[in-house]
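Single-structure report; data block below.
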Amino acid sequence: MTRNTLNTLVGLLFIISGAVGLVYQIVWFKYLSLFLGNTTYAQSIVLATFMGGLALGAARWGRKADQSANHLSLYAMLELGIGVYCFLYPLILRILKSLFVQIVVGSHISSDATTVLILKLVVCIITLLPPTILMGGTLPVLVRFISLRLEDSGKNVATLYFLNSFGAVVGSLLAGFILIRVLGLSGTIYGAASVNLIVALSAYLLSRRSSTRKRSTLNAGDSDEVEFSSRSVLIATLVAAVSGFAAMIYELSWVRLLIPVLGSSTYSFSLMLVAFISGITIGSIIVSALLLRVKNLFILLGMCQLAVALSMLLTLPLYARIPYYFWNLASILSRSETTYPLFLALELAFAFALMVVPTIFLGMSLPVATRIASRRFD
Numbered sequence: 002m003t004r005n006t007l008n009t010l011v012g013l014l015f016i017i018s019g020a021v022g023l024v025y026q027i028v029w030f031k032y033l034s035l036f037l038g039n040t041t042y043a044q045s046i047v048l049a050t051f052m053g054g055l056a057l058g059a060a061r062w063g064r065k066a067d068q069s070a071n072h073l074s075l076y077a078m079l080e081l082g083i084g085v086y087c088f089l090y091p092l093i094l095r096i097l098k099s100l101f102v103q104i105v106v107g108s109h110i111s112s113d114a115t116t117v118l119i120l121k122l123v124v125c126i127i128t129l130l131p132p133t134i135l136m137g138g139t140l141p142v143l144v145r146f147i148s149l150r151l152e153d154s155g156k157n158v159a160t161l162y163f164l165n166s167f168g169a170v171v172g173s174l175l176a177g178f179i180l181i182r183v184l185g186l187s188g189t190i191y192g193a194a195s196v197n198l199i200v201a202l203s204a205y206l207l208s209r210r211s212s213t214r215k216r217s218t219l220n221a222g223d224s225d226e227v228e229f230s231s232r233s234v235l236i237a238t239l240v241a242a243v244s245g246f247a248a249m250i251y252e253l254s255w256v257r258l259l260i261p262v263l264g265s266s267t268y269s270f271s272l273m274l275v276a277f278i279s280g281i282t283i284g285s286i287i288v289s290a291l292l293l294r295v296k297n298l299f300i301l302l303g304m305c306q307l308a309v310a311l312s313m314l315l316t317l318p319l320y321a322r323i324p325y326y327f328w329n330l331a332s333i334l335s336r337s338e339t340t341y342p343l344f345l346a347l348e349l350a351f352a353f354a355l356m357v358v359p360t361i362f363l364g365m366s367l368p369v370a371t372r373i374a375s376r377r378f379d
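If you count the sequence shown from 1, you need to add 1 to reach the working numbering.
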């Protein structure tokens, strides 16, 4: 099997993995909405824990990837862990909910609404962290697998980021509009877990066909690209961290802003996720080409952050009038079953128009920062 064929198959697996990840996100939102009794809390917890788990997983498994002799085998183990855990997720949540009831009743704190809510949030976070930490490891492990040279890592992050995000868009649409309606919550999560197990088996079989490669290194003379000091890498890392923090705030704020306008249904939540991830997807594919041409990566990183800030500032005056604008657009359609798909398409277009520009530049930031980090000298 040629290297290009192997990388293509791995990319296909990562698209599927991204789709399944967003299926889980929407299913978790439904499960936890029923437990919390509040869709806003459920959306915030799922989004925040999902991203937090990805960050923890990337840090943990990124270091592990540098020590691994077989990255595809490690990726297969991560997918296997996700699949097994998510098969057990309904049971795990049921056990923790029962334990929660025993604690609340036994300690007589049922009258303290704040304490009860905090305990509910803790239960939700505990159930979501294990699989999201495993998910967070898949990107750095696969980047390490396909990067023959360290300077390739930035472009490879952008490419894999695009593939995974594209899969996430597909997964959001499938879960929100088809799978949950046809299979129900438990059927959807069992089906998604089965796909994870298939991906794990496929990755393991591919790992048996791939040759073991030692960790690659670069000397100062191996490339004519600019190398960066440890201080520069630290600055780029901090910028990426702040950008990720801001992205999480933006996503939660957009969700809270649009719920009163679009509604809090699974359809609306799925469409908001699709709009957000679509911008990330577009940004990652754009930057994958720019990374090969731009000489000053710090300027590119700074321009991405400036563009995010400016695009947000320019749209802020419109936020107070969003309900009015959407009401006018929606009033064009008659309220009937046949026009409901058009209404949902209108919701998606509305959310996409609001989010697309900032999210494009947010999607460009991580690959640029990664490229800077891969061109380091001490």
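We treat Cβ as the ideally placed atom computed from N, Cα and C, and that holds for glycine.
Burial state of residue i, where buried means 16 or more other Cβ atoms lie within 10 Å
i, result
"K296", "exposed"
"Q68", "exposed"
"E252", "buried"
"R145", "buried"
"L79", "buried"
"A77", "buried"
"Y341", "exposed"
"T116", "exposed"
"P324", "exposed"
"V369", "buried"
"V243", "exposed"
"R372", "buried"
"N220", "Its pLDDT being 42, under 50, N220 is placed unreliably by the model, and nothing is read from it."
"S285", "buried"
"Y320", "exposed"
"A381", "Residue coverage of the chain in this structure runs from 2 to 379, which leaves residue 381 outside it and unanswerable."
DSSP state of residue i mapped onto helix, strand, coil
i, result
"N157", "helix"
"T339", "coil"
"N297", "coil"
"R4", "helix"
"A310", "helix"
"L319", "helix"
"N39", "coil"
"S271", "helix"
"S187", "helix"
"I333", "coil"
"S72", "Per the sequence shown, the amino acid found at residue 72 is His instead of Ser. The answer is helix: DSSP assigns H72 an H, G or I state."
"L345", "helix"
"I110", "coil"
"S148", "coil"
"S266", "coil"
"S195", "helix"
"G58", "helix"
"S230", "coil"
"L1", "With the chain covering 2 to 379 only, the question about residue 1 has no answer from this structure."
"G172", "helix"
"G138", "coil"
Integer Cβ distance of residue i from residue j, believed to fall under 8 Å
i, j, result
"L174", "S271", "7 Å"
"F51", "L129", "7 Å"
"F167", "Y268", "About 21 Å separates the two Cβ atoms, so there is no contact after all."
"T360", "I250", "With 8 Å as the limit, T360 and I250 do not qualify as a contact, their Cβ atoms being about 13 Å apart."
"V262", "F353", "About 14 Å separates the two Cβ atoms, so there is no contact after all."
"V105", "L94", "Actually they are not in contact, since the Cβ atoms of V105 and L94 sit about 16 Å apart, beyond 8 Å."
"L7", "L207", "6 Å"
"L186", "K31", "6 Å"
"A49", "V142", "So it is not a contact: roughly 24 Å between Cβ atoms."
"L14", "A159", "So it is not a contact: roughly 18 Å between Cβ atoms."
"I127", "L97", "7 Å"
Pairwise C-alpha distance: residue j and residue i
i, j, result
"V183", "G192", "12 Å"
"L57", "R64", "11 Å"
"V11", "L164", "10 Å"
"R294", "I287", "12 Å"
"L239", "L161", "22 Å"
"G54", "S312", "28 Å"
"F246", "S99", "34 Å"
"T3", "N157", "18 Å"
"N39", "L314", "30 Å"
"L198", "S74", "13 Å"
"V124", "I110", "16 Å"
"S279", "Q103", "43 Å"
"V28", "M136", "16 Å"
"M356", "Y90", "32 Å"
"L180", "S266", "15 Å"
"S148", "A308", "29 Å"
"L343", "L367", "35 Å"
"L92", "L37", "17 Å"
"T9", "H72", "16 Å"
Residue i: CB within 8 Å of a non-hydrogen atom of the ligand GTP
i, result
"M313", "Summarising the ligand content, the structure contains no ligands, and the ligand GTP is consequently not present."
Using 8 Å as the threshold, is the stretch 157–172 in touch with the stretch 43–54, meaning 3 or more CB pairs across them? no
Any chance the stretch 336–347 sits against the stretch 235–242, with 3 or more Cβ pairs inside 8 Å? no
Using 8 Å as the threshold, is the stretch 3–21 in touch with the stretch 185–202, meaning 3 or more CB pairs across them? yes
Count the C-beta pairs between the stretch 301–313 and the stretch 203–212 that are closer than 8 Å, then say yes if the count reaches three, no if not. no
Three CB pairs or more closer than 8 Å across the stretch 129–142 and the stretch 69–86: yes
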